[in-house]
Structure formats: structure tokens, C-alpha cells
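Trainee:
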């Protein structure tokens with residue numbers, strides 16, 4: 001890039017100072033790094049750590065590898081398309097079977113409800129037709145004697 005030897009040394013000093021400052025800030029704000037680190041974490045933090053630490057590590061590694069133009073959008077899509085792999089293989093089929101059974105049961109219930117509503121509607125329609133038919137007959141019985149002169 002055309003830097004002189006003095007400029008290169010100056011840049012190295014600045015980089016070293018910056019990394020030292022970052023290390024000091026990290027050490028002052030981080031939790032104590034002991035084996036009982038989990039004592040300082042809330043139950044929510046432990047839950048998130050357990051479920052998301054590996055996932056986010058893989059996602060960020062993928063972003064770094066691919067170097068997309070919009071890393072946040074890429075990360076979002078990656079997380080949306082991520083398939084849950086933390087289930088044991090023996091549990092996944094049971095889970096999917098149970099889920100498909102529940103879906104089938106819900107579809108069946110919906111079909112039954114629709115059939116019940118259809119029958120109720122047909123019954124109401126039949127009753128309404130009979131009512132109209134009776135009204136027409138009653139009206140005809142009142143009008144026809146006057147029309148034919150009986």
C-alpha cells in the first residue's frame with residue numbers, strides 16, 4: 001500500500017494498544033471465568049445458552065464463510081431455514097408422527113364440523129321452504145275463492 005517503515009511501525013503500535021484496550025474492557029465487563037460460571041447466569045440465560053450457543057456459533061461461522069453483502073439478512077434467512085438438529089434421531093420420528101397424527105385429527109374435526117354445519121343449513125333451508133310453501137298455499141286458499149267466485 002506504499003507505507004513507509006515508520007508508518008508501518010506506528011500502525012502496529014496502534015493495533016497493539018487497541019487490542020490491549022479491548023482486552024481490558026472485556027475483562028472488566030465479563031463474568032468471572034471460573035468453572036461455576038453458571039452460578040451467575042439466570043435461568044433464562046442458561047436456557048438461551050443451552051439452546052442457542054451452538055446454533056448461533058454455526059450461523060456466525062456460516063456468515064463469515066460466505067461473506068454476504070447483507071450479513072444480517074443472511075443470518076436471518078439462515079436461522080429461519082435452520083432445521084432443528086438437537087433432537088435425538090429416535091425422538092424426531094416420534095415427534096413428527098405425533099404431529100402428523102394431530103394434524104390429521106384436526107382435519108377430521110374440521111371436516112366433521114363442516115358436515116354438521118352443512119346438514120344444519122340444509123335442515124333450515126328445508127324448513128324455510130316448507131314455511132314459504134304453507135304461506136303460498138294459505139294465500140292461494142284465501143284468494144282463489146274470490147277469483148273463481150265461489
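Numbering (the UniProt record's numbering), first residue to last: 1 to 150.
Cβ atoms here follow ideal geometry from the backbone N, Cα and C, with glycine treated the same way.
Quick caveat, the model's predicted, so the values are computed rather than measured.
(1) How big is the Cα-Cα spacing for residue 8 and residue 51?
(2) State the start and end residues of the unbroken alpha helix (DSSP H) segment that holds residue 47.
(3) Expressed to the nearest angstrom, what Euclidean distance is found between the alpha-carbon atoms of residue 127 and residue 116?
(4) Name the two residues that bound the continuous alpha helix (DSSP H) containing residue 74.
(5) Helix or strand or just coil, what does DSSP make of residue 8?
(6) Taking Cβ to Cβ, would you say residue 102 is nearer than 8 Å to residue 78?
(7) Output needed for residue 66: all residues of its chain with C-beta closer than 8 Å, excluding positions within five of it in sequence on either side, in chain order.
(8) Would you tell me roughly how many angstroms separate the C-alpha atoms of residue 132 and residue 100, rounded to the nearest one?
(9) What residue from 47, 43, 76 has the CA that sits closest to residue 58's CA?
(10) How long is the line joining the alpha carbons of residue 136 and residue 111, rounded to whole angstroms?
(11) Going by beta-carbon coordinates alone, are residue 82 and residue 48 separated by less than 8 Å?
(12) In the structure shown, what three-state DSSP assignment does residue 121 receive?
Mentor: This is what the structure holds:
(1) Near 44 Å, if we compare the C-alpha coordinates of residue 51 and residue 8.
(2) Segment 43-66, the alpha helix (DSSP H) holding residue 47.
(3) For residue 127 and residue 116, the distance between alpha carbons rounds to 17 Å.
(4) Its alpha helix (DSSP H) spans residues 71-81.
(5) DSSP places residue 8 in the helix class (H, G or I) of the three-state scheme.
(6) No, these two residues do not count as a Cβ contact at 8 Å.
(7) If we look at residue 66 and ignore the five residues flanking it on each side, its Cβ neighbours are 74.
(8) When only Cα atoms are considered, residue 132 and residue 100 end up about 48 Å apart.
(9) Nearest C-alpha to residue 58: 76.
(10) Looking at the two C-alpha atoms, the distance is approximately 37 Å.
(11) No; because the gap between Cβ atoms is not below 8 Å, this pair is not in contact.
(12) The answer is helix: DSSP assigns residue 121 an H, G or I state.
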